[in-house]
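Colleague:
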Amino acid sequence: AFNMSKIKLQSEYEDLDKYKNIVGDIFYYKKGTNIRHNPYGPALVSIRYKIYIIENKFHRLDGPALIYEDGKEECYINGKYLSKEEFDSHPDVLKYLGKEHLICLK
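Going by the numbering used here, the first residue of the sequence shown is number 10, and it counts up by one from there.
1. For residue 47, I'd like the list of residues in its chain whose CB is within less than 8 Å of its CB, leaving aside the five on either flank, ordered along the chain.
2. Nearest-angstrom Cα distance between residue 17 and residue 28?
3. Considering only residues of the same chain and omitting the five flanking positions on each side of residue 115, which have a CB-CB separation below 8 Å?
4. Please name the residue in 70, 77, 80, 81 whose C-alpha comes closest to that of residue 107.
5. Could you give the distance in angstroms between the alpha-carbon of residue 57 and the alpha-carbon of residue 111?
6. Determine whether the beta carbon atoms of residue 44 and residue 68 lie at a separation below 8 Å.
7. Buried or exposed: which applies to residue 32, given that a residue is buried once 16 or more other Cβ atoms fall within 10 Å of its Cβ?
8. Following the continuous alpha helix (DSSP H) through residue 104, name the residue where it begins and the one where it ends.
9. Taking residue 78 as part of the alpha helix (DSSP H), name the residues at either end of that continuous run.
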């Protein structure tokens with residue numbers, strides 16, 4: 010069987026554990042847990058994609074949560090997939106960007 014064991018690396022964040030697998034993918038977890046998590050950047054970085062994950066859910070407010078190497082992007086908030094239009098007008102995104110005055114405008 011293909012062994013996906015991970016090697017623990019020195020994490021640049023004191024509240025996150027950092028691992029690397031045999032093919033070089035980098036994973037971040039909440040310290041001392043198996044919860045994939047990184048509030049500072051992507052929680053999974055591979056040659057194929059970058060994924061932003063909070064509490065095991067695909068999540069990012071300042072851009073796409075899933076970015077493929079070919080440039081394709083997908084937006085997620087709290088694990089829910091959103092179209093670019095849904096994402097751009099989502100209240101959490103507008104609030105994050107300081108544009109909450111636009112929330113009621115469609």
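Using N, Cα and C, we set each Cβ at its ideal position, and we do this for glycine too.
Modeller: Reading it off the structure:
1. 22, 25, 37, 61, 62, 63
2. 4 Å
3. Only weak support is given to the placement of residue 115: the predicted model assigns it a pLDDT of 46, under 50, and the value that follows is read from those uncertain coordinates. 98, listed in sequence order.
4. 70
5. 35 Å
6. no
7. exposed
8. 100-105
9. Looking at the DSSP string, residue 78 is not in any alpha helix (DSSP H), and its letter there is neither H nor E.
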